[in-house]
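Student:
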Amino acid sequence: MLSEKIALTRLGVYADRKQLGTARELLHIEEKALERKVKQQATETEFKEYVNEYFHEALFEYLDVYSNDKNYLFSQILTIDPNIPDVLDACVKRATTATQLDTLISKVTFLTRDILKMVNNPPFRAENSNKAHVDKIGLAVRYIGVDNVRFALLSYIGKNWLPHSTEPYNDFKEKFWQYSIATANCARTLAKYYKIDESVAFLLGLLHGIGMSMSLRLYLRAFDTVRVIQMKALTKANRKDIVKLVDTLTLDNSFVSEALRRFTPTVSHHVIERLGLKFAPILPTMEELRENVPFKQSSPMTRLLKQSQTFVQYKMLQKSRLIELDDAKVFLTQANINNDIITILNKVDLLKIDIRPQE
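Note that full-length UniProt numbering has the sequence shown beginning at 1, numbered continuously upward.
1. Can you tell me whether W177 is helix, strand or coil according to DSSP?
2. In angstroms, rounded to a whole number, what distance separates the CA positions of I115 and K107?
3. If you follow the alpha helix (DSSP H) that F151 is part of, which residue opens it and which one closes it?
4. For a quick check, are the C-beta atoms of S299 and I210 less than 8 angstroms apart?
5. Using only CA atoms, which one of E287, I282, L275, L251 lies nearest to T266?
6. Along the chain, where does the alpha helix (DSSP H) containing R321 start, and where does it finish?
7. Using the C-alpha atoms, what's the distance from Y193 back to L88?
8. Which class does N131 belong to by DSSP, given the choice of helix, strand or coil?
9. Could you check the C-alpha separation between V271 and N148 for me, to the nearest Å?
10. Using a Cβ-Cβ cut-off of 7 angstroms (strictly less than) and excluding sequence neighbours within five positions of L283, which residues of its own chain qualify?
11. Express the C-alpha separation of K48 and L11 in angstroms, rounding to a whole number.
12. List the endpoints of the continuous alpha helix (DSSP H) containing G211.
13. In chain order, what residues of the same chain have a beta carbon less than 7 angstroms from the beta carbon of R24, not counting five sequence neighbours either side?
14. Quick one: is the Cβ of V348 within less than 7 angstroms of any heavy atom of the ligand PLP?
15. Who are the near neighbours of L275 in its chain, counting only those whose CB is closer than 6 angstroms to its CB and skipping five residues on each side?
16. Among V243, M316, R227, which one has its Cα closest to the Cα of L234?
17. Count Cβ pairs between the stretch 212-228 and the stretch 324-334 that sit closer than 8 angstroms; are there 3 or more?
18. Quick one: give me the first and last residue of the alpha helix (DSSP H) that D197 is part of.
19. Evaluate F342 with the Cβ neighbour count: other Cβ atoms within 10 Å of its Cβ, from every protein chain shown; 16 or more gives buried, anything less gives exposed.
20. So the candidates are E324, M316, S320; which of them puts its Cα closest to the Cα of N346?
21. Report the three-state DSSP secondary structure of V293 (helix, strand or coil).
22. Under a Cβ-count criterion, where at least 16 other Cβ atoms within 10 Å of its own Cβ denotes burial, should N185 be classed as buried or exposed?
23. Check each candidate in Q309, T285, G138, A201 and name the one with the smallest Cα separation from D102.
24. Flag this pair as yes or no: are the beta carbons of L63 and L207 separated by less than 8 angstroms?
25. Closer than 8 angstroms by C-beta to A98: which residues in its own chain qualify, once you throw out the five before and the five after it? Chain order, please.
26. Any idea what DSSP makes of S299, helix, strand or coil?
27. Determine the contact status of F176 and M212, defining contact as a CB-CB distance below 8 angstroms.
28. Could you give the uninterrupted runs of the alpha helix (DSSP H) lying entirely in the stretch 80-109, keeping only those of 4 residues or more?
29. Are the CB atoms of M301 and L204 nearer to each other than 8 angstroms?
30. Since I believe S155 is in contact with I196 (beta carbons under 8 angstroms), could you give me their beta-carbon distance rounded to a whole number of angstroms?
31. Within a Cβ cutoff of 7 angstroms, which residues of the same chain sit near I6, ignoring the five residues on either side of it in sequence?
32. What first and last residue would you give for the alpha helix (DSSP H) that runs through A259?
33. Around the Cβ of R188, are there at least 16 other Cβ atoms within 10 angstroms (buried) or fewer (exposed)?
34. How should Q230 be labelled, buried or exposed, when 16 other C-beta atoms within 10 angstroms of its C-beta is the threshold for buried?
35. Give the DSSP-derived three-state secondary structure of F55 in the structure shown.
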């Protein structure tokens with residue numbers, strides 16, 4: 001998710017190679033000086049690694065607190081429009097009418113903009129059409145159709161919650177959206193086999209990983225905050241040698257990955273709990289993900305999600321050439337994905353937002 005280059009580096013593909021410094025033979029005195037320099041550099045590197053681990057212990061303690069601070073999460077990391085839960089419920093409620101959607105969408109600026117943009121562009125409007133543009137939400141919903149518009153609304157909400165910036169991990173935003181919409185599409189496809197409502201399955205697939213983007217933002221914000229706190233404490237303790245090292249620390253990809261792995265399930269659960277959805281029973285699945293319940297002990301809804309996300313992860317790894325065939329078989333088997341399921345999901349257009357009702 002952070003970047004393909006980081007993944008390849010961790011696999012050793014981009015490992016640094018030592019190069020010869022000179023072609024001539026070194027004099028004995030030069031050899032001794034070089035040996036001392038290498039030892040000194042090794043000692044300094046080991047000490048910096050120790051300081052980095054010490055710093056990240058403090059950083060993760062900070063993240064432990066703020067990943068469970070709901071006031072902070074929903075005021076500083078993700079602001080949820082108070083009308084959004086009602087829109088989400090309306091999208092999964094079978095008896096929702098065009099009038100109800102008109103009222104709800106009109107309260108949310110970005111949804112109003114996106115729905116009108118959709119209805120006024122192909123395939124709903126010919127490129128050279130002379131017809132007047134639709135400027136009323138109610139008319140737009142009726143023209144598109146209630147069943148058609150549900151999935152568009154859900155995807156617009158998911159996309160609106162993407163972080164504005166995750167610098168220096170500039171690939172994350174696009175990869176995370178691809179992962180989210182692909183998982184949603186797979187969950188929607190598998191829904192009928194699990195006898196689960198397809199809009200509920202789509203919503204679960206779309207939002208189950210929201211904590212990943214939030215955890216990354218948490219980490220990036222916390223890094224400098226905790227560094228300043230640590231530098232002040234070390235200065236007070238008269239450890240200027242460590243203060244200088246802490247000041248030179250940069251983002252560590254391994255620790256960032258660990259933060260995403262550790263905090264995503266908890267933060268995602270907080271989001272779904274915060275929404276308080278009435279017609280989308282997905283909170284129990286978020287609890288099972290948080291508690292890391294094994295596949296065989298999971299509920300049908302959780303199994304559907306695990307198969308969807310595992311298949312999408314496999315396809316992303318395969319595309320980046322980060323998984324071998326033997327590893328892929330083991331990976332897919334963990335989610336009980338057999339050839340029949342692979343055949344079904346291989347037909348899914350992972351990144352297309354299909355707003356047509358499926359049979």
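For glycine and all other residues, C-beta sits at the position ideal for the given N, C-alpha and C.
Tutor: Considering the structure as presented:
1. In this structure, W177 counts as helix in the three-state DSSP scheme.
2. Spanning the two alpha carbons is a distance of roughly 13 angstroms.
3. Start and end: 146-160.
4. Taking a C-beta distance under 8 angstroms as the contact criterion, S299 and I210 do not qualify as a contact pair.
5. In this structure, E287 is the residue among E287, I282, L275, L251 with its C-alpha nearest to the C-alpha of T266.
6. For R321, no alpha helix (DSSP H) encloses it, and the DSSP letter there is neither H nor E.
7. Straight-line spacing of the CA atoms in L88 and Y193 works out to 23 angstroms.
8. Per the sequence shown, the amino acid found at residue 131 is Lys instead of Asn. Three-state DSSP puts K131 in coil, outside helix and strand.
9. If I take the Cα positions, the gap works out to 26 angstroms.
10. When the five nearest sequence neighbours on each side are left out, the beta carbons in the same chain lying within less than 7 angstroms of the beta carbon of L283 are those of I272, E273, in order along the chain.
11. The alpha-carbon atoms of L11 and K48 are separated by roughly 23 angstroms.
12. Annotation: the continuous alpha helix (DSSP H) that includes G211 extends over 210-236.
13. Low local confidence applies: a pLDDT of 46 at R24 is under 50, so the model's placement there is unreliable, and no value is given.
14. Although the ligand PLP was asked about, the structure shown includes no ligands whatsoever.
15. Excluding sequence neighbours, L275 sits near P85.
16. Here the closest residue by C-alpha is V243.
17. Output reads no: the stretch 324-334 does not touch the stretch 212-228.
18. Per DSSP, D197 is not a residue of any alpha helix (DSSP H), being assigned neither H nor E.
19. One point to set straight first is that residue 342 is Ile, not Phe, in the sequence displayed. Burial call: exposed.
20. Ranking E324, M316, S320 by Cα distance to N346 puts M316 first.
21. Of the three classes helix, strand and coil, the one that applies to V293 here is coil, per DSSP.
22. With 16 or more other Cβ atoms within 10 Å, it is buried.
23. Closest by alpha carbon: G138.
24. Taking a C-beta distance under 8 angstroms as the contact criterion, L63 and L207 do not qualify as a contact pair.
25. Excluding five sequence positions before and after A98, the CB atoms of its chain that fall closer than 8 angstroms to its own CB belong to G138, V141, R142, V146, given in chain order.
26. S299: coil per DSSP, three-state reduction.
27. Contact: yes.
28. Here the runs fully enclosed are 84-92, 98-105.
29. Yes; because the gap between Cβ atoms is below 8 angstroms, this pair is in contact.
30. That pair is no contact at about 19 angstroms.
31. Once the five neighbours on either side are set aside, the close Cβ partners of I6 are N253.
32. Bounds of the alpha helix (DSSP H) holding A259 are 253-275.
33. The residue in question, R188, is buried, as its Cβ has 16 or more Cβ neighbours within 10 Å.
34. Buried is the call here.
35. F55 falls in the helix class under three-state DSSP.
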